[in-house]
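Right, one structure below, let's go through it.
Chains as they are written, first to last, in my numbering: chain A, 99 to 160; chain B, 32 to 322.
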């Protein structure tokens, strides 16, 4: 059973990381190499596409 | 198909992923609504869902989404009024004082001069904090007039026109090295943790460690008082005890508490408790009411 799918390399340090097969759009994935957070955007040809996660904004909080 | 629950998000962090999984495990149909999905959710094109859980990180967005959904007839797990109050430490000070909820002495200040005057009321040391802010940002302890002058000088250089007022000037309560964060689901405190730090601020974002502690009768009472003011929901209630007197007060209540990291330490399934609560509320809606 597939438990993960391919994702692009980290957009900062190029480390390849895996995304759980039950990924959701908008999910935050942390790079195992440098810790940079990425946001899952979509899946294209069985590869999950990610972007850098949004920066914390002024009125964000608990 | 109309979902049972709308989960309104800025992004899907581990906390929300745990909640989403727990909701689906309870056979609830969940619509995840990121910012780009809101136009469809807040529309009259389909039947309104019975319930929404607001987990937007932006305080402005959270209140905005909750208000719009309420206008559509959607119940929100935390009412928009509760989110609005929780997002503003000044509003919390006012409603707690009006309703007799124990809370540190607090004053609003709309100018640098009023900060000085307010400290005459709360005494030294004093804490100055932005009315809206999280994770300890901008919260400053002023030990004496030298600290106050430094705070005013630094702030004036960034905000000469004083546009960032009001601020809250608050009595400093000396803690016994920790405060308490209590997670409340509905009306029930489900876990209490000590947030332990050498820093006077005990935010986990600033490095505080956590340890599970007992939910005492006093903790239950204070949480009940806070929920009486805000309405039932999902809250992180911060309590602190005076190191000298042992008197416990409600410092603040958060309407969007994080739980994924602390759950891994204390072992309480917060997402499961919350999903059970949401399932109950969905069930209430679907059950026929007496004529």
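Glycine residues also receive a C-beta, built at the ideal position from the N, C-alpha and C atoms.
These numbers come from a predicted model, not from an experiment.
Check your understanding: chain A beta carbons: is any one of them nearer than 7 Å to that of residue 287 (chain B)?
Key -> yes
**Study point:** Close-in-space but distant-in-sequence residues of the same chain around residue 275 (chain B) (CB under 8 Å, 5 per side omitted)
**Key:** 205
Practice item. Give the secondary structure of residue 99 (chain A) by DSSP, where H, G and I count as helix, E and B as strand, and everything else as coil. Key: Below a pLDDT of 50, predicted positions are generally treated as unreliable, and residue 99 (chain A), at 38, falls in that range; the measurement from the model is reported next regardless. Three-state DSSP puts residue 99 (chain A) in coil, outside helix and strand.
Practice item. Report the neighbours of residue 159 (chain A) on chain B: residues whose CB is nearer than 9 Å to its CB, in chain order. Key: 88, 89, 90, 118, 163, 164, 165, 166, 168, 285 and 287
Review point. Under a Cβ-count criterion, where at least 16 other Cβ atoms within 10 Å of its own Cβ denotes burial, should residue 266 (chain B) be classed as buried or exposed?
Key: With 16 or more neighbouring CB atoms inside 10 Å of its own CB, residue 266 (chain B) falls in the buried class.
Exercise for review: Determine, using beta carbons only, whether residue 124 (chain A) comes closer than 7 Å to chain B.
Suggested key: By this cut-off, residue 124 (chain A) is an interface position.
Check your understanding: If we call anything under 7 Å between Cβ atoms a contact, is residue 241 (chain B) one with residue 224 (chain B)?
Key -> yes
Exercise for review: May I ask which residues mark the beginning and end of the beta strand (DSSP E) holding residue 150 (chain A)?
Suggested key: Note, residue 150 (chain A): beta strand (DSSP E), 145-150.
Practice item. Within 10 angstroms of the Cβ of residue 289 (chain B), are there 16 or more other Cβ atoms? Answer buried if so, exposed if not. Key: buried
Point to revise | residue 44 (chain B): contacting residues in chain A (beta-carbon distance under 7 Å) | key: 126
Point to revise | Contact with chain B by residue 137 (chain A), beta-carbon distance below 7 Å | key: yes
Practice item. Determine whether the Cβ of residue 49 (chain B) lies closer than 7 Å to any Cβ atom of chain A. Key: no
Check your understanding: How far does the alpha helix (DSSP H) with residue 49 (chain B) in it reach, from first residue to last?
Key -> Residues 45-56.
**Study point:** Sequence-distant residues of the same chain with beta carbon closer than 7 Å to residue 162 (chain B), five excluded per side
**Key:** Closer than 7 Å at the Cβ level, and outside the excluded window around residue 162 (chain B), lie 119, 120, 121, 197, 198 and 199.
Exercise for review: Below 7 Å between beta carbons is the criterion; list the residues of the stretch 262-276 of chain B that meet it against any residue of chain A, in chain order.
Suggested key: 267
Review point. Using a Cβ-Cβ distance under 7 Å, would residue 65 (chain B) count as near chain A?
Key: yes
Review point. Quick one: Cα of residue 183 (chain B) to Cα of residue 159 (chain B), how far?
Key: 11 Å
Point to revise | Distance CB(residue 59 (chain B))-CB(residue 35 (chain B)) smaller than 7 Å | key: yes
Review point. For the 8 Å Cβ check, are there 3 or more pairs between the stretch 32-50 of chain B and the stretch 140-148 of chain A?
Key: no
**Study point:** Neighbourhood of residue 44 (chain B) by C-beta, 6 Å cutoff - its chain only, sequence neighbours within 5 removed
**Key:** none
Exercise for review: Return the bridge partner residues of residue 62 (chain B) from the DSSP annotation.
Suggested key: According to DSSP, residue 62 (chain B) shares a beta bridge with B:37.
**Study point:** Sequence-distant residues of its chain with Cβ nearer than 7 Å to residue 113 (chain B) (five each side left out)
**Key:** Counting only Cβ-Cβ distances below 7 Å, and skipping sequence neighbours, we find 261, 262, 264 and 286.
Practice item. Measure from the C-beta of residue 148 (chain A) to each C-beta in chain B and report whether the shortest distance is under 7 Å. Key: no
**Study point:** Simplified DSSP assignment, three categories, for residue 67 (chain A)
**Key:** This structure cannot settle anything about residue 67 (chain A), because the visible part of chain A is limited to 99 through 160.
Review point. In three-state DSSP terms, what is residue 109 (chain A)?
Key: coil
Check your understanding: Measuring CB to CB, does residue 203 (chain B) end up less than 7 Å from residue 157 (chain B)?
Key -> Pairing residue 203 (chain B) with residue 157 (chain B) gives a Cβ-Cβ distance under 7 Å.
Check your understanding: By DSSP, does residue 252 (chain B) sit in helix, in strand, or in coil?
Key -> helix
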